[in-house]
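Down below is the structure, laid out as structure tokens.
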Amino acid sequence: MTQTTDMKIRSIPFLLLASFFPSSLFCVAQEMSSSQLTSEQEKFFENKIRPALVKHCYKCHAEEGDKVKGGLLLDTRDASRSGGDSGPAVVPFDLRESLLYVAITYEDSSLEMPPKYKLEDEVIADFRKWIEMGAPDPRERIHPEGTPQEYTNTIDIEEGREHWAYQPPQSPVVPAAAEKDIPLSSIDAFLSKKRAEKGLTANEAADGYTLLRRLTFDLTGLPPTSEEIAQFVPAYEAHPESAIAEAVSRLLASPGFGERWGRRWLDVARYAESTGKEINATYPHAWRYRDYVIDAFQSDKPFDEFLMEQIAGDLLPSETPEELIENTVATGFLAIGVKGLNEQNARQFRFDLVDEQIDVTTRAFLGTTAACARCHDHKSDPIPMSDYYAMAGIFLSSETLFGTAEALQNRKATELISLPAPAEAGASSKSLAEMIDLEYQRDLVRERLADINTQIREARAEGNTDQAQRLRLQTLGLNNRAGLLDREIASFSDDGKAHPLAMGMADRPAPFDSQILIRGEEDNPTEERAPRGFLQVIPTPDQESIGPDESGRLQMAEWMASPENPLTARVFVNRVWSWMFGEGIVSSVDNFGPTGDQPSHPELLDYLALRFIELDWSVKDVVREIASSQAYRMSSDYNAAHFEKDPENRFLWRMSKRRLDAESIRDATLAVSGQLDTERPHASLVAELGDGFVGRNVSESQINTENRRRSVYLPIVRGLVPESLSLFDFADPNLIAGKREITTVPSQALYLMNSDFVIENAEAMAKHLFQDLDLRGSALIEEAFRRCYSRSPSPEEASKTRAYVERFIATASDSGMEAQQARALALTTFCQSLICSAEFRYLN
Amino acid sequence: MNPQPSFLPSRRLALQTASSGFGYLAFSALASLSAQKSAWASAAPSPLAPKTPHFAPKAKRVIFLAMQGGPSHVDTFDYKPQLSKDTGKSARGFAKLLGSPFSFSPQGESGLMISELFPHLSGHADDLCLVNSMHTDLPNHPQATTQMHTGNFQFVRPSLGAWTLYGLGTQNDSLPGFVTLAPPNGAQNYGSAFLPAVYQGTPIGRASRNRFVATQEQTSIKNIKNPQLSKDLQRVQLDFVKSLNQEKLKRDEYHPEVEGIIESYELAFRMQDELPDVLNISDEPDSIKDLYGINDNTTGSFARQCLSARRLAEAGVRFIQLNHGNWDHHRNLKAGLEQNCAQIDQPIAALLEDLKQRDMLKDTLVIWAGEFGRTPHGQNGNGRDHSNKGYSLWMAGGGVQGGLRFGSTDEHGYQAIEDKVHIHDWHATILHLLGLNHENLTFPYAGRDFRLTDVHGSVVKGILS
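Same order as they appear, the protein sequences are chains A and B. For reference, each letter of the first sequence is one residue, going 3 to 846 in my numbering. For reference, each letter of the second sequence is one residue, going 109 to 573 in my numbering.
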């Protein structure tokens, strides 16, 4: 742990209050029952807190008081924790979330208590001390339904382990070749055996054009160039094995591989650059995780390391600053999820956050839906609630640093992680003048706020409540403005350089176990705590125990990345398979549990999983092995007899015909027009826009600007995914999506027919072919087809093209268009037609 | 329903022998991966083709008038004389009770009590089914709005409109099946979540912050017109695209997705004409425009939405949502409500009238609802706070009893006490009216079958006609 200690979590002073707090996010800290209170704590409460509550609060906030205001009772521990209309009054260890404390400090003019006078400073200090010590409260808890309920585990774990996916993969015997007189790889031998059982035989190998198109799109998300085709096709016809090996090596080494495969992981990791949901605050630093993922695939980072870093990178040793940066950024995986920032109940927010983390972790890596066990045991899944809360304890004992700007509707903002050199900032630098102006604006807003707050007090003192109310409304917008300015200023150094910040995870200083919540309700805890741990149904022999001072994230990562874990390797190789064949060996790629699908080829899955581990978790090696198989090179030709037996092609008698994904369609459009800019842009548009709220100070038009970069670099803001992607079934970044939908809807057709983007690219393509390459007639048609379809046109297609151009020009002249314009438009629309056509977006 | 699975090659042969283009099998083979997995959906030939409901429906389509912000029920549709009497008194530990500044009077033969805020709508009292006993889980706008639309505010779930389209398909192959006019932020409210994307709502126009306008320019959808080609030239181009696609289909021998693409171009081509036409209200007679109040500054914007809704309904769109905002009256309740109600009263009354005169009200379910109601006690002197424990909405048309007041709140209107209707019950009832059993309309996702009502909801039998 050489450098880890240098890694400071920078406290960003974006909120005045924040700087007071040792840790502003001390979560669902251990609730001490009265018997657990030390005598000192009890004395403090009885001497300092209870008298103050009785004297200043009970009049309006006790069952026996005159009237209950704001739905808030402060006369029991439970009632003060659950709070009133505005939220919890007391949150142990957390001053910022404790509305009682916010109210008595008179920091927020909308919430000042007691209303008629401010408490003496010593009394306020007592409350602060009390909350910071965890708000020990001997007053009896009153459970919502009488006595606290107990949790009883109803799951038979041993029985659950019998499910195939929880059994360790068995090294299968590779069957003897059952069909054809060609050398079969192990992969092919398994497939061949299954086909023979089903009375199926494999299609012949596809031609070189088809195969190179398939390989190039699958590995890089781009079409092959005419030159690549010209080189590959004859080589493949002469020596298929070596031609494929060379092409695969070339493609694996090209930067397109990381971009293509990184994006696939980003689907699983529900990557996005904003919180989503109602408030939808931007994540200006999320792009670092995106780049980390792309680089990991590009550099062939072993998958077990990739996993470890994403779950517990902050806890891993780092030898160099670069490694430290990588390890830190990787944990962004856990921080970039959907968040409902306007959740009023702080405990609820934390449990929802943790739930999201459990869900993404278990589904992405283990293909297991543990999050179902939040509310009750499920008969179908051998995951008891106690397992869920064991994992919840791990995440509750960790801090999720996701940033966002403080605002009226966002009291959930957190710090971010400051990265050491050589990390570069995401946003451009500001001039000194801009910095001075920002601070000036902030000071103005702050002064104005202070001013209004004084006026509010005066108005109240005069009994002019209407006036006070009017003034208070003015403070709302100003407070939001101040929050954004604070955040912006904090993101830059005084001389205008943007700080290199990252989202990610950190362990809390005092880890603890989570209570088990009845029905998952935060206000309905059992007395029972689930010791921090993992899913019992998946034991690994070398599992290390979690120390009292550790969250357990590291151990959880080790447990998942262990070669003994029966799921991790299987789940990932199955994803690789589905990304290359269009369907997983297990169709439900994110669900290997009893409610998921059965594997079509269980032995092949085990073989690949063990092979993956044997290859030191090298993704590129597994891809290479699959790409070199006979199965991968099969043609997709139709065969009525086989189709009858196996219409869904579960047993791989042919290669399935697959539609390209949204990114490939967009990137190919740019590629064929000669417009694609393959440079990686620095950071992201969202980094440049900075912190903000979608629909308020960040608009759709700012986000959805077209450019010529690869699609993986387009801004992905939840709810505002660019049209070019969302129309073609881009993964909803609100969901963990190992598999995308394929839809064919008219809005796609309208986009291809009429959008500026497609028309501009068609024009560029026409210009490139005609002007830059000086092509005419057959040569032009040939090149256009090669670019769009990766093959030459058939004579019939070539003649249809000529007929089209003639008919178009004739129709255009009939309507009075100039001949020159008609010819140009005919050429452009020919190029556009190729982009519109089905073959452009399909792989054979 | 065609018992033959959609993938049998006979359809390909049918396609090849068909001489007259590709419109004959609207939307066939648009099936998505998941839809094929769903037993329910795989029985139908295409995900958007009209489907047979579970039982005979009373309503064939829905027009949902969504009022964002939480309209006060005690000032509109929940008559509370005791509240007026107790004005100024304290109750339940809250601020002082505030009687409605508006008077109520019995309307129509049914004598439903409706506030003076709705002089036009009152004329349709005998068509309205007032549900006075609604309740929802949380008194916060975002969560309650999401729950109203999707049943669940915690997770991203498909919207009511998406479930409807999934369950019933659509009737017009030249138009989207679920349209939402000028929606506010939050695509989730018309999203399809894990349902296939074909079921999501098509937004037309967009509400700018707090303004839910649908001007002629804004009731347009993207990419609906080619910037450089005339209709004739585009037809020439699309014929070429079609020939390329047919060429591929011939080579592939069997490829339903390519058939789907061919059809999607034909539909898109038709939509280019039909959708702007449907949304173009300029050819409506003046009498109709006046009925809705198109040319009035106050009513104009919502009138345009209502008239567009009727035209979309007429054209066969399955689920149409209209949006109106600014109902969050924490203060200035009187002036605020007067203004809002004046904006919607005449247009909504006109919509009911117009549907009726076209004999469409009987199978169109019209719903008016906000995400919650407001407190009987005052706030800021002349406003009301959010209240989720009891509020009102109304439904009219297909399958609901007109002139009925269902359920009730306590004497002040604070919480529902009799025949309580939760959002889940309301959703179950809407699906029921459409001929769908909410317990059977499921979709498999993440290892289990999901439904709009989760594990809750029961049909409110008392309001069925």
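Beta carbons: idealized from backbone N, C-alpha and C, even for Gly.
Please decide whether residue i counts as near chain B, where near means a Cβ-Cβ distance under 8 Å.
i, result
"A:I761", "yes"
"A:S839", "yes"
"A:N756", "yes"
"A:V747", "yes"
From residue i to residue j, what does the alpha carbon distance come to, in whole angstroms?
i, j, result
"A:P257", "A:T222", "8 Å"
"A:R656", "A:M819", "49 Å"
"A:V747", "A:T277", "28 Å"
"A:R262", "A:R720", "21 Å"
"A:D693", "B:T258", "29 Å"
"A:F832", "A:Y634", "33 Å"
"A:N736", "A:L355", "13 Å"
"B:E367", "A:S839", "12 Å"
"A:E229", "A:S686", "32 Å"
Please tell me whether residue i and residue j are closer than 8 Å, where the distance is taken between their beta carbons.
i, j, result
"A:I738", "A:V270", "yes"
"A:L607", "A:I385", "no"
"A:L403", "A:L418", "yes"
"A:V700", "A:T284", "yes"
"B:H228", "B:D518", "no"
"A:P323", "A:P424", "yes"
"A:L569", "A:T370", "yes"
"A:W561", "A:P304", "no"
"A:E316", "A:T333", "In the sequence as presented, Glu is not what sits at residue 316 of chain A; that position holds Asp. In this structure, A:T333 lies closer than 8 Å to A:D316 by Cβ."
"B:K528", "B:S241", "yes"
"A:I518", "A:A532", "yes"
"A:L254", "A:V625", "yes"
"B:G309", "B:K159", "no"
"B:P455", "B:A421", "no"
Can you give me the Cβ contacts of residue i inside the same chain, cut-off strictly under 8 Å, excluding the 5 residues immediately before and after it?
i, result
"A:P225", "R215, T218, F219, A670, A673, V674, R789, C790 and S792"
"A:A629", "L217, D220, L221, I246, V250 and M582"
"B:Q345", "L337"
"B:A164", "G543"
"B:N248", "H494"
Within a Cβ cutoff of 7 Å, which residues of the same chain sit near residue i, ignoring the five residues on either side of it in sequence?
i, result
"A:I125", "Note that residue 125 of chain A corresponds to Val in the displayed sequence, not to Ile. Cβ neighbours of A:V125 beyond the five flanking positions: A54."
"B:N403", "K397"
"B:T561", "G259, H532, H535, A536 and H546"
"B:N280", "A423, G424 and V425"
Strictly under 8 Å for the Cβ-Cβ distance: is residue i near chain A by that measure?
i, result
"B:Y522", "no"
"B:Q345", "yes"
"B:D518", "no"
"B:F185", "no"
"B:N431", "no"
"B:H485", "no"
"B:E361", "yes"
Apart from the five residues just before and just after residue i, which ones in its own chain have a Cβ nearer than 6 Å to its Cβ?
i, result
"B:V544", "The sequence as given places Leu at residue 544 of chain B; Val does not occur at that position. For B:L544, where only same-chain residues beyond five positions count, the Cβ hits under 6 Å are P161, H162 and G275."
"B:F261", "Q251, T254 and Q255"
"B:L484", "The amino acid at residue 484 of chain B is misidentified as Leu; the sequence shows Pro. These residues qualify, in order along the chain: V182, L191, L205, H520, G521 and Y522."
"A:N482", "A409 and L410"
Decide if the region 251 to 267 of chain B is in contact with the region 355 to 373 of chain B; the criterion is three or more beta carbon pairs, one per stretch, under 8 Å apart. At 8 Å Cβ cutoff, the stretches do not touch.
Would you call the region 485 to 504 of chain B in contact with the region 464 to 474 of chain B, where contact means no fewer than 3 C-beta pairs closer than 8 Å? yes
Mind the definition here: the region 41 to 61 of chain A touches the region 73 to 83 of chain A only if three or more C-beta pairs lie below 8 Å; say whether that holds. yes
Is there contact here, the region 152 to 159 of chain A with the region 377 to 397 of chain A, by at least three beta-carbon pairs under 8 Å? Three or more beta-carbon pairs separated by less than 8 Å link the region 152 to 159 of chain A to the region 377 to 397 of chain A, which places the two stretches in contact.
Do the region 446 to 463 of chain A and the region 704 to 712 of chain A make contact, defined as three or more Cβ pairs closer than 8 Å? no
At least three beta-carbon pairs within less than 8 Å, the region 430 to 448 of chain B to the region 375 to 394 of chain B: no
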